[in-house]
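To start, the structure itself, in structure tokens.
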Amino acid sequence: MAKLLKIKQGKYVRNILKSIFFVLIAILCCTSFKKPHTNVFDIVVIDAGHGGHDPGCNGGSSNEKNVTLAIALKLGKMIEDSLKGVKVIYTRTTDKFIELSERSNIANKNSADLFISIHCNANDNKAATGTETYLMGLHKSESNLLVAKRENSAILLEEDYEKNKNYEGFDPNSPAGHIIMSLVQNAYREQSIKFAGYVENEFVKKTGLKSRGVKDAGFLVLWKTAMPGVLVETGFLTNASDRKVIGSDSGQVLVATAIFKAVKKYKGK
Ligand SMILES: [Zn+2]
């Protein structure tokens with residue numbers, strides 16, 4: 103009887119040890135694929151807005167998708183050339199359609215330290231001018247909501263967006279949907295505000311464009327990003343003088359330089 107009990111106990115202990123072993127292996131597997139959480143700033147995701155069959159807004163002969171890609175590539179090169187140890191990951195480097203949820207997935211999968219989504223603004227009022235840098239939050243004015251609605255309407259060009267679980271049934275036509283989304287707690291708000299402030303300051307210094315300031319609104323592309331992130335409206339394609347800057351190669355260099363300086367400053371802090 104005692105012998106039987108001993109065998110049973112031995113088997114029990116072996117099973118426990120086996121379970122602990124498998125749990126440890128599982129933990130090791132999970133952690134080895136993730137970048138460890140450190141204070142090192144070494145991965146930036148640059149997201150050129152729109153692309154492919156989504157041209158974004160337009161003005162003159164400029165399409166938003168081309169302007170955002172040109173600025174994104176220039177900015178990425180500046181970071182790669184001048185910020186040692188910082189890796190740049192692009193959501194697109196060609197004229198390609200990328201779903202909004204996939205853009206934030208790319209940033210999350212790579213454990214990025216900063217997410218920068220680059221866009222151009224548009225308004226029926228052709229006099230509207232200047233830059234805006236947005237972070238995820240509840241819009242304080244109807245015009246901020248309109249910007250988010252316009253940018254979020256790219257979702258309508260996605261195949262079966264209603265079935266995409268990442269969007270949790272979000273309706274791009276519903277103002278209430280925008281409010282609910284933008285009320286999600288953002289753990290990276292303070293860092294995002296800091297970076298957005300740097301971007302707007304540098305825009306004034308480098309581009310001569312008027313700063314309309316740092317603003318809040320509910321953007322699908324920022325909704326699920328698990329790091330500090332902003333959406334930059336680099337200027338109005340519908341305004342002739344803004345378009346001269348953001349629609350030209352030399353102006354895009356100035357815009358990219360301004361965002362680069364902001365990244366450098368943010369990294370330093
Ligand atoms: Zn856009």
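Be aware that the sequence shown starts at 103, since it is given in the working numbering, and climbs by one per residue. Note that the Cβ used here is the ideal one computed from N, Cα and C, for glycine as well. Note that the structure is a prediction, hence the values are computed from the model and not measured.
- Residue pairing by DSSP puts residue 238 in a beta bridge opposite 319.
- The beta carbons of residue 176 and residue 355 sit closer together than 7 Å.
- Residue 175: member of the alpha helix (DSSP H) spanning 166 to 184, first to last residue.
- Taking a 10 Å sphere around the C-beta of residue 227, we find fewer than 16 other C-beta atoms and assign the residue as exposed.
- In this structure, residue 232 and residue 337 form a Cβ contact; the two beta carbons are roughly 7 Å apart against a cut-off of 8 Å.
- Going by C-alpha positions, residue 366 is about 22 Å away from residue 194.
- Shortest Cα-Cα distance from residue 155 to any of 186, 199, 316 and 280 involves 199.
- Per the DSSP secondary-structure output, residue 189 pairs in a beta bridge with 145.
- Counting only the Cα atoms, residue 313 lies some 21 Å from residue 351.
- Secondary structure of residue 232 (DSSP, three-state): coil.
- As the crow flies, the alpha-carbon of residue 321 is around 31 Å from that of residue 186.
- Separation of the CB atoms of residue 220 and residue 278 is rounded to 28 Å, and the pair is thereby denied contact status at 8 Å.
- Residue 218 is a Cβ neighbour of residue 148, given a cutoff of 7 Å.
- In this structure, the straight-line span from the alpha carbon of residue 224 to that of residue 299 is close to 22 Å.
- Annotation: the continuous beta strand (DSSP E) that includes residue 217 extends over 216 to 223.
- By the Cβ neighbour-count rule, residue 235 is buried, with 16 or more other Cβ atoms within 10 Å of its own.
- Under the 8 Å Cβ criterion, the region 261 to 275 does not count as touching the region 156 to 175, having fewer than three qualifying pairs.
- According to DSSP, residue pairing for residue 313 in a beta bridge involves 233.
- Excluding the 5 residues flanking it on each side, residue 326 has same chain C-beta neighbours closer than 6 Å at 206, in chain order.
- The Cβ atoms of residue 201 and residue 244 do not sit closer than 7 Å to each other.
- Measuring C-alpha to C-alpha distances from residue 323 to each of 159, 169 and 334 identifies 334 as the nearest.
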